[in-house]
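First up is the structure itself, then whatever we jot down about it.
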Amino acid sequence: MFSPRKLTGQRIQLHPLELSHAEGLYESAKHQEIWTYLPNKIESLADMIQLLESALSAKELGSEYPFAVYDNELKRFVGSTRLLNISVSNRNLEIGWTWYSPEVWRTRVNTECKYELLKYCFEEFQAVRVQLKADVRNARSNQAIERIGATKEGILRQDRILHDGFIRNSNLYSVINSEWPEVKNRLEHFLKD
1 MFSPRKLTGQ
11 RIQLHPLELS
21 HAEGLYESAK
31 HQEIWTYLPN
41 KIESLADMIQ
51 LLESALSAKE
61 LGSEYPFAVY
71 DNELKRFVGS
81 TRLLNISVSN
91 RNLEIGWTWY
101 SPEVWRTRVN
111 TECKYELLKY
121 CFEEFQAVRV
131 QLKADVRNAR
141 SNQAIERIGA
151 TKEGILRQDR
161 ILHDGFIRNS
171 NLYSVINSEW
181 PEVKNRLEHF
191 LKD
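In the UniProt record's numbering, the protein residues as written are 1 to 193.
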């Protein structure tokens, strides 16, 4: 059964995405370096509303489940992430469309988000596979995915067309259910403090 809900860590809360999150997310999305490797570029509140409407449409179709990321320390929304390419019959899905305000880069925010999402995927949804992708040029995102213990499977050539017309290649990573206990321990070790 696939039925996500609000997920809560020590520093973050993953709220099921709503249009009411648009203004708070837009405030965090104004740093243009966020959008370098993503298909969309957010330059206005209207752009953010359009991005959220697209995510919510995909949620209605059952192919995605988007979240707004709330930082308990900063007391505001600092980004967004999604469960996507959801296949209930095959019990697999992807974590993606993740972006954060640069002020939380290299903090525990991403680690906690990935921990809560993977924990939901493997322990509640009973996933057999969770995949993650990142632009091959995006060293920061690739390092973050590798840091959690995901296995690199290869490169998806010409996987996405970005907002500027660039056709990106994506590194493909996964965690499978037999690897989850080790990945979980690794993430819990990172989150100790």
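All C-beta atoms in this analysis are idealised placements derived from N, C-alpha and C, irrespective of residue type, glycine included.
Distance, residue j Cα to residue i Cα
i      : j      : result
Asp159 : His15  : 29 Å
Gly165 : Leu118 : 32 Å
Tyr26  : Ser87  : 30 Å
Glu73  : Ala22  : 20 Å
Asn40  : Val183 : 31 Å
Lys114 : Phe125 : 15 Å
Leu19  : Leu56  : 8 Å
Trp105 : Ser80  : 13 Å
Beta-carbon gap between residue i and residue j smaller than 7 Å
i      : j      : result
Leu17  : Ala58  : no
Ile12  : Ala29  : no
Ala127 : Arg186 : no
Glu135 : Tyr37  : What sits at residue 135 in the sequence shown is Asp, not Glu. Yes, the pair counts as a contact, with Cβ atoms nearer than the cut-off.
Gln131 : Glu94  : yes
Helix, strand or coil at residue i according to DSSP, with G and I counted as helix
i      : result
His21  : helix
Ile34  : helix
Ala150 : coil
Gln13  : strand
Assumed close pair residue i, residue j - CB separation to whole angstroms, cut-off 8 Å
i      : j      : result
Ser174 : Ile155 : Not really, about 14 Å apart at Cβ, beyond 8 Å.
TODO: Report yes or no: do three or more beta-carbon pairs, one from the segment 42–49 and one from the segment 146–155, lie closer than 8 Å?
DONE: no
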